[in-house]
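Peer 1: Pasting in a structure now, in structure tokens, and then I'll have a few things to ask.
As structure tokens, then:
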């Protein structure tokens with residue numbers, strides 16, 4: 038819960054509330070979502086999630102690394118784990134929405150082979166959002 042609270046606060050500093058598409062802790066506990074937590078000596082320092090949509094598409098959600106641990110490739114390792122699980126489950130495509138003021142996140146996604154694309158799933162096409170996709174086929 039602490040990481041999610043920090044993530045939400047960070048997003049609200051950069052993006053108007055109506056354009057923050059938060060996933061609650063309760064939603065993260067749904068059967069269609071798998072959450073990954075990175076730890077340093079037992080302390081949760083990063084997170085990310087895979088949300089399954091229709092048997093073929095997975096969405097990367099709730100990516101966050103605590104400021105004290107940034108620059109250590111934690112986000113990249115979480116994305117690798119998400120992708121590995123998605124491939125193992127036979128998903129064909131990963132998608133995500135991130136903010137227009139999150140260049141560090143773009144670097145992680147582009148480094149993992151994601152490409153920018155148009156709006157995905159049911160997200161509105163706004164100036165505040167940047168969309169990515171990656172084929173797993």
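Numbering (this note's numbering), first residue to last: 38 to 174. Where is the CB? At the ideal position from N, CA and C, for every residue including glycine.
1. In this structure, how does DSSP classify residue 21 when only helix, strand and coil are distinguished?
2. State the start and end residues of the unbroken beta strand (DSSP E) segment that holds residue 160.
3. Should residue 135 be labelled buried (16 or more other beta-carbon atoms within 10 Å of its own) or exposed?
4. For the alpha helix (DSSP H) containing residue 87, name the first residue and the last one.
5. For residue 16, does the three-state DSSP call read helix, strand or coil?
6. Could you compute how far the alpha carbon of residue 68 sits from the alpha carbon of residue 88?
7. Which two residues bound the contiguous alpha helix (DSSP H) that contains residue 63?
8. So for residue 136, helix, strand or coil by DSSP?
9. Taking DSSP's pairing of strands, which residues face residue 95 in a bridge?
10. Can you list, in chain order, the residues of its chain whose CB lies under 6 Å from that of residue 41, leaving out five sequence neighbours each side?
11. What do you get for residue 121, buried or exposed, if any count of 16 or more other CB atoms within 10 angstroms of its CB means buried?
12. For residue 38, name the three-state secondary structure that DSSP assigns.
13. Please report the residue range of the alpha helix (DSSP H) in which residue 112 lies.
14. Roughly how many angstroms separate the alpha carbons of residue 147 and residue 157, rounded to a whole number?
Peer 2: Put simply:
1. No statement about residue 21 is possible, as the shown extent of the chain runs from 38 to 174 and does not include it.
2. Looking at the DSSP string, residue 160 is not in any beta strand (DSSP E), and its letter there is neither H nor E.
3. buried
4. Looking at the DSSP string, residue 87 is not in any alpha helix (DSSP H); the run it does join, the beta strand (DSSP E), is 80-89.
5. Nothing about residue 16 can be reported from this structure: the residues present for the chain run from 38 to 174 only.
6. 9 Å
7. 62-65
8. strand
9. 89 and 131
10. 62
11. exposed
12. coil
13. 111-125
14. 17 Å
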